[in-house]
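Notes follow once the structure below has been shown.
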Amino acid sequence: MIMGEHKKKSEIIVQIDGKEVKASEGMTVLEAAQSADIFIPTLCFHEKLEPYGGCRICTVEVEVRGWTKLVAACLYPLEQDLVVRTRSEKVDKIRKMILEFLLAHAPNSPQLLELAQEYGADKDRFEKESSFCIVCGICVRYCAEVKKKNAVGFVDCGARREISFIPEIALTECIDCKECFPLCPTSYLQAAFVLTESQAFPEDSSQTALMK
Amino acid sequence: MPRINSAAELEELRKGVLSGRDPDKPSIAICAGMDCFSLDNGRIISAFEEEVSKKDLKTKVDLRATGCHGYCEKGPMVVIYPEEICYVVVTPEDVPEIVSQTVLGKKVIDRLIYADPDTGEKAAHQSQVPFYKNQMRHIIGNNSKIDPKSIDDYLAVGGYSALSKSLFEMSPEQVLEEIKKANLRGRGGGGFPAGRKWETARNAPGKEKYVIVNAHEGEVGAFMDRALFTGNPHSVLEGLIIGAYAIGSHQGFIYTRHDTPPLKNHIDIALAKAEEYGLLGENILGSGFNFNVEVHLDIGIFVSGESSALMRSIEGNPPEPRPKYIRTSVSGIWGKPSDLNNVETWANVPLIINKGSEWYTSTGTEGSKGTKLVSLSGNIINSGVAEVPFGTSIREIIYDIGGGIPNGKKLKAVHFGGPMGGSIPESLIDTPLDFDELAKLGAPIGAGSMLVLDEDTSMVDVIRYFLDFLSNESCGKCVPCREGIRQMLKIVTNISDGKGREGDIELLEEISEVTGAASLCALGKSASDPLLSTLRYFRDEYEANIAKVKSPAEKRE
Numbered sequence: 001m002i003m004g005e006h007k008k009k010s011e012i013i014v015q016i017d018g019k020e021v022k023a024s025e026g027m028t029v030l031e032a033a034q035s036a037d038i039f040i041p042t043l044c045f046h047e048k049l050e051p052y053g054g055c056r057i058c059t060v061e062v063e064v065r066g067w068t069k070l071v072a073a074c075l076y077p078l079e080q081d082l083v084v085r086t087r088s089e090k091v092d093k094i095r096k097m098i099l100e101f102l103l104a105h106a107p108n109s110p111q112l113l114e115l116a117q118e119y120g121a122d123k124d125r126f127e128k129e130s131s132f133c134i135v136c137g138i139c140v141r142y143c144a145e146v147k148k149k150n151a152v153g154f155v156d157c158g159a160r161r162e163i164s165f166i167p168e169i170a171l172t173e174c175i176d177c178k179e180c181f182p183l184c185p186t187s188y189l190q191a192a193f194v195l196t197e198s199q200a201f202p203e204d205s206s207q208t209a210l211m212k
Numbered sequence: 213m214p215r216i217n218s219a220a221e222l223e224e225l226r227k228g229v230l231s232g233r234d235p236d237k238p239s240i241a242i243c244a245g246m247d248c249f250s251l252d253n254g255r256i257i258s259a260f261e262e263e264v265s266k267k268d269l270k271t272k273v274d275l276r277a278t279g280c281h282g283y284c285e286k287g288p289m290v291v292i293y294p295e296e297i298c299y300v301v302v303t304p305e306d307v308p309e310i311v312s313q314t315v316l317g318k319k320v321i322d323r324l325i326y327a328d329p330d331t332g333e334k335a336a337h338q339s340q341v342p343f344y345k346n347q348m349r350h351i352i353g354n355n356s357k358i359d360p361k362s363i364d365d366y367l368a369v370g371g372y373s374a375l376s377k378s379l380f381e382m383s384p385e386q387v388l389e390e391i392k393k394a395n396l397r398g399r400g401g402g403g404f405p406a407g408r409k410w411e412t413a414r415n416a417p418g419k420e421k422y423v424i425v426n427a428h429e430g431e432v433g434a435f436m437d438r439a440l441f442t443g444n445p446h447s448v449l450e451g452l453i454i455g456a457y458a459i460g461s462h463q464g465f466i467y468t469r470h471d472t473p474p475l476k477n478h479i480d481i482a483l484a485k486a487e488e489y490g491l492l493g494e495n496i497l498g499s500g501f502n503f504n505v506e507v508h509l510d511i512g513i514f515v516s517g518e519s520s521a522l523m524r525s526i527e528g529n530p531p532e533p534r535p536k537y538i539r540t541s542v543s544g545i546w547g548k549p550s551d552l553n554n555v556e557t558w559a560n561v562p563l564i565i566n567k568g569s570e571w572y573t574s575t576g577t578e579g580s581k582g583t584k585l586v587s588l589s590g591n592i593i594n595s596g597v598a599e600v601p602f603g604t605s606i607r608e609i610i611y612d613i614g615g616g617i618p619n620g621k622k623l624k625a626v627h628f629g630g631p632m633g634g635s636i637p638e639s640l641i642d643t644p645l646d647f648d649e650l651a652k653l654g655a656p657i658g659a660g661s662m663l664v665l666d667e668d669t670s671m672v673d674v675i676r677y678f679l680d681f682l683s684n685e686s687c688g689k690c691v692p693c694r695e696g697i698r699q700m701l702k703i704v705t706n707i708s709d710g711k712g713r714e715g716d717i718e719l720l721e722e723i724s725e726v727t728g729a730a731s732l733c734a735l736g737k738s739a740s741d742p743l744l745s746t747l748r749y750f751r752d753e754y755e756a757n758i759a760k761v762k763s764p765a766e767k768r769e
């Protein structure tokens, strides 16, 4: 679903953390919360990109027709009289463990450490498997959706999923762009790119290739 | 073959097909299902062809390579009609004798018929063999009677009469009502009422709507859908066309496996033949209804069978699930209403239309109507595909049909639903096969795989296997699923290796709570279900491993 398509719809009132918030139908919980200065943590969200729903750190509790559900705020579409709780025992428990999962991969990410403090997450709870990448896919999606280059993509699936630059594209597109680098929540990306560059193109031949 | 342009022409054609068939003419049905295929049944088929031509019997005997007969344990199987003499574990060397003795001489070859391993009691006819005797084969029974590549064979068993009835005697609303009244529940795992799904898609705004056959069947231990679809592709296609008519869809998709070439081949032939006969395409049977079907192959991971991932895959995108805050029956492929049902669900549709919902609901339990295909595997004497009415007890399936546990071992547990399912212990096997009853026990029926486990099985190892499977077969998009499975697998592996620690069980429970609540799709949400079911019934095995006391399973070794 493309969120922008729904933004012109009728105005509705929803309740977020006890506060009445005016919003338009079809907006997401996250958009409404942000418009009312209510903070919901995000990791894979970026305002220029389609909501992804991968990190699940934005999980909130919503109440619809008497039912309480846990949903991803970045994706869940608002409806009239929706009640949203951005913090609860369950929500905090989920966020804490998500952070603990991710800190096993990127133990020094300032963004993760800051959230870890808020939610009491123990960065050493799970055995370290430092890949520095938390597979949020911001670089992948930024390159695909904004730059329309697809120079970086996901490879493999499940627990083996990782990002990888496509050498043929990266060689011509990335050198003057690197716009995805500062978007990375763990700063893994630059290293990945350099690594790919150096591995795929030995030093002198890559220089000559770039000169062409 | 000219196109059929009316219901009357279809019946004319059917009469023609039947009149050309002498019911007393000997017919040899050789199982060409997947399992027999892997047992080199090609050699048996060639041997029969050779023998028939050598004896100059081509006009006197029908030879048919059919779909799976279900009794995989005893494959390759050959059934000789009209006497319905059933031969098991046939070799190419047996073929000349079968032709001369049985086909021509009408004599039963004693050494080739089924013999009960305990009593030695023999059964010459398929319907007397215990594996078959205790089944109700409404959906898969025609498999041994038809050549999957022959549309005439399907017409000879009444094929496409339900489509004709739907198009000419019923409105789309009436078809929908009939399916709703039959309480047909999705056979793919969820058990969601198919009629309600159809209705949602039908009522969803938008002109363009899609209907889809989910023939991905990725569940570990499940092989009934490919047996049915490979063996009787027209029955699934007929159901799909009827569904499309009820929903108001003119485009269908079949999403199936890349690793099963005979299945794809049979589907392609069925589609081409149906189109040639005017049962598919423009103006079906002259009714004015148009419907086309495209076949798509999966990209090979388990999660591509999840409905939203499957739909993304059909769009040409990676098979990653989407959140279903808006249902796929409202917004599916390219944002259009898309009704997805499993192979077996679609195959039930012609039966319901032909015989009526009243007849259909007379079989089964209060909440689960009709029959269910199950795949029996693991520590069981008769592995294979069986079909039983809902309400049959698990005990009957395992002992009466499955023949019990081999090597004199005791039954320990039955695992349903593969890597997203659950296990029940031996003490609960009097439970009826029923969507709701099994779900209550933490072992939802899933697509119908029944993995039978004997007393030597370590349940910790079973769970380790499923978690390992999922860690490779999930998409890896969302954190609770990807990382939760990774961590659960590490802990269970440690426990299984005798390196478990105090608190591991509690940590597993904590992770499964988060993974179950926060994952994006059903795979993640139910990834820990097998683990939780074993913690419910076999907690002592985990505790024993952690306490570094050898578990009961290990002690026996």
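Protein sequence lines correspond, in order, to chains G and S.
For the first sequence, counting from 1, position 168 maps to 168 in our numbering; every step adds exactly one.
Offset between the second sequence (1-based) and our numbering: plus 212.
Beta carbons are placed, not taken as given, at the ideal position from N, Cα and C, and that holds for glycine.
(message) Less than 8 angstroms between the C-beta atoms of ASN444(S) and GLY279(S), yes or no?
(response) Yes; because the gap between Cβ atoms is below 8 angstroms, this pair is in contact.
(request) Could you name the residues of the segment 713–727 of chain S whose beta carbon sits closer than 8 angstroms to any beta carbon of chain G, in the order they occur along the chain? (result) Within the segment 713–727 of chain S, the qualifying residues are GLU722, ILE723, GLU725 and VAL726.
(message) Between SER731(S), PHE647(S) and ARG751(S), which has its C-alpha nearest VAL672(S)'s C-alpha?
(response) Residue ARG751(S) is the option with its Cα nearest to VAL672(S).
(message) Residues of chain S with CB closer than 8 angstroms to the CB of GLU301(G), please, in chain order.
(response) Lying outside 1 to 212, the shown extent of chain G, residue 301(G) is not represented and no answer is given.
(request) Below 8 angstroms between beta carbons is the criterion; list the residues of the segment 664–692 of chain S that meet it against any residue of chain G, in chain order. (result) From the segment 664–692 of chain S, only LEU682, SER683, ASN684, GLU685, SER686, CYS687, GLY688, LYS689, CYS690, VAL691 and PRO692 have a Cβ closer than 8 angstroms to chain G.
(request) Can you check the segment 338–370 of chain S for any alpha helix (DSSP H) of at least 4 residues that lies completely inside it and give the ranges in chain order? (result) Listed in chain order, they are 342–345 and 363–368.
(message) Our contact map puts VAL300(S) next to LEU324(S) with C-beta atoms below 8 angstroms; I'd like the distance itself, whole angstroms only.
(response) Contact holds; Cβ gap of about 7 angstroms.
(message) Using the three-state DSSP reduction, which class does VAL448(S) fall into: helix, strand or coil?
(response) In the structure shown, VAL448(S) sits in a helix (DSSP, three-state: H, G or I).
(request) Assign LEU585(S) to one of three DSSP states: helix, strand, or coil. (result) Strand.
(message) Check whether the segment 488–495 of chain S and the segment 539–548 of chain S are in contact - that is, three or more C-beta pairs closer than 8 angstroms.
(response) Pairwise C-beta distances place the segment 488–495 of chain S out of contact with the segment 539–548 of chain S, as fewer than three of them are shorter than 8 angstroms.
(message) Distance check for HIS478(S) and GLY466(S), CA to CA, integer angstroms please.
(response) Note on residue identity: the sequence assigns Ile, not Gly, to residue 466(S). A direct Cα-to-Cα measurement between ILE466(S) and HIS478(S) gives close to 12 angstroms.
(request) Determine the closest residue to LEU719(S) out of GLU556(S), CYS733(S) and LEU701(S), with distance taken between C-alpha atoms. (result) Of the candidates GLU556(S), CYS733(S) and LEU701(S), the residue whose Cα lies closest to the Cα of LEU719(S) is LEU701(S).
(message) In this structure, how does DSSP classify LEU43(G) when only helix, strand and coil are distinguished?
(response) Note: LEU43(G) maps to coil in three-state DSSP.
(request) Taking LYS476(S) as the reference, give the member of LYS361(S), ALA458(S), LEU316(S) and GLU649(S) with the closest Cα. (result) The shortest Cα separation from LYS476(S) among LYS361(S), ALA458(S), LEU316(S) and GLU649(S) belongs to LYS361(S).
(request) May I have the straight-line CA-CA distance separating TYR52(G) from THR577(S), to the nearest angstrom? (result) When rounded, the distance between both Cα atoms is 42 angstroms.
(request) Report yes or no: do three or more beta-carbon pairs, one from the segment 561–574 of chain S and one from the segment 590–603 of chain S, lie closer than 8 angstroms? (result) They do not touch, by the three-pair rule.
(message) When you compare the CB of GLY53(G) with every CB in chain S, is at least one pair closer than 8 angstroms?
(response) Look at GLY53(G): its C-beta is under 8 angstroms from a C-beta on chain S.
(message) Assuming TYR119(G) is part of the beta strand (DSSP E), what are its boundary residues?
(response) Per DSSP, TYR119(G) belongs to no beta strand (DSSP E); it is in the alpha helix (DSSP H), 110–119.
(message) Just to confirm the assignment, what range does the alpha helix (DSSP H) spanning HIS478(S) have?
(response) Annotation for HIS478(S): the continuous alpha helix (DSSP H) segment containing it runs 473–488.
(request) Ignore the nearest five residues each way along the sequence and tell me which others in HIS337(S)'s own chain have a CB closer than 7 angstroms to its CB. (result) GLU296, ILE297 and CYS298, listed in sequence order.
(request) Check MET27(G) in the structure and name its three-state DSSP category. (result) Of the three classes helix, strand and coil, the one that applies to MET27(G) here is coil, per DSSP.
(request) Could you list the residues in the segment 515–534 of chain S with a C-beta less than 7 angstroms from some C-beta on chain G, going in chain order? (result) Result list empty, no residue passes.
(request) Give the DSSP-derived three-state secondary structure of VAL626(S) in the structure shown. (result) VAL626(S): strand per DSSP, three-state reduction.
(message) Is it buried or exposed, VAL64(G), if we count other Cβ atoms within 10 angstroms and call 16 or more buried?
(response) When all chains shown are included, VAL64(G) counts as exposed.
(request) Identify the contact partners of VAL71(G) in chain S, using a Cβ-Cβ distance below 9 angstroms as the criterion. (result) Here the neighbours are PRO535 and TYR537.
(message) Just to confirm before moving on: does the CB-CB distance between CYS174(G) and PHE193(G) stay below 8 angstroms?
(response) Against a cut-off of 8 angstroms, the Cβ pair of PHE193(G) and CYS174(G) comes out as a contact.
(message) Can you check whether the C-beta of THR235(G) is within less than 8 angstroms of a C-beta belonging to chain S?
(response) Nothing about residue 235(G) can be reported from this structure: the residues present for chain G run from 1 to 212 only.
(request) Compare the C-beta of PHE193(G) against all C-beta atoms of chain S and say whether one is closer than 8 angstroms. (result) Chain S contact via Cβ: absent.
(request) At 8 angstroms on the CB atoms, spell out the chain S contacts of ILE166(G), in chain order. (result) One finds nothing in chain S with a Cβ atom closer than 8 angstroms to the Cβ of ILE166(G); even the nearest lies about 15 angstroms away.
(request) Have a look at the DSSP bridge pairing and note the partners of LYS69(G). (result) BP columns for LYS69(G) point to VAL62(G).
(message) Can you pull the chain G neighbours of ARG694(S), defined as C-beta to C-beta under 8 angstroms?
(response) Chain G residues near ARG694(S): VAL135, GLY158, ALA159 and ARG161.
(request) Kindly indicate which residue of ASP680(S), VAL307(S) and ASP330(S) has the alpha-carbon position closest to the one of LYS266(S). (result) Cα-wise, what sits closest to LYS266(S) is VAL307(S).
(request) For my contact list, LEU497(S) and LEU222(S) are in at a C-beta cut-off of 8 angstroms; report their separation, rounded to the angstrom. (result) Between LEU497(S) and LEU222(S), the beta carbon gap of about 6 angstroms places them in contact (Cβ cut-off 8 angstroms).
(request) List the DSSP bridge partners of LYS334(S). (result) In DSSP, LYS334(S) forms a bridge with ALA327(S).
(request) From the DSSP output, in three-state form, read off VAL691(S) for me. (result) Residue state, collapsed to three classes: helix.
(request) Provide the residue span of the alpha helix (DSSP H) that contains SER745(S), from first to last. (result) 741–749 is the span of the alpha helix (DSSP H), which, as asked, contains SER745(S).
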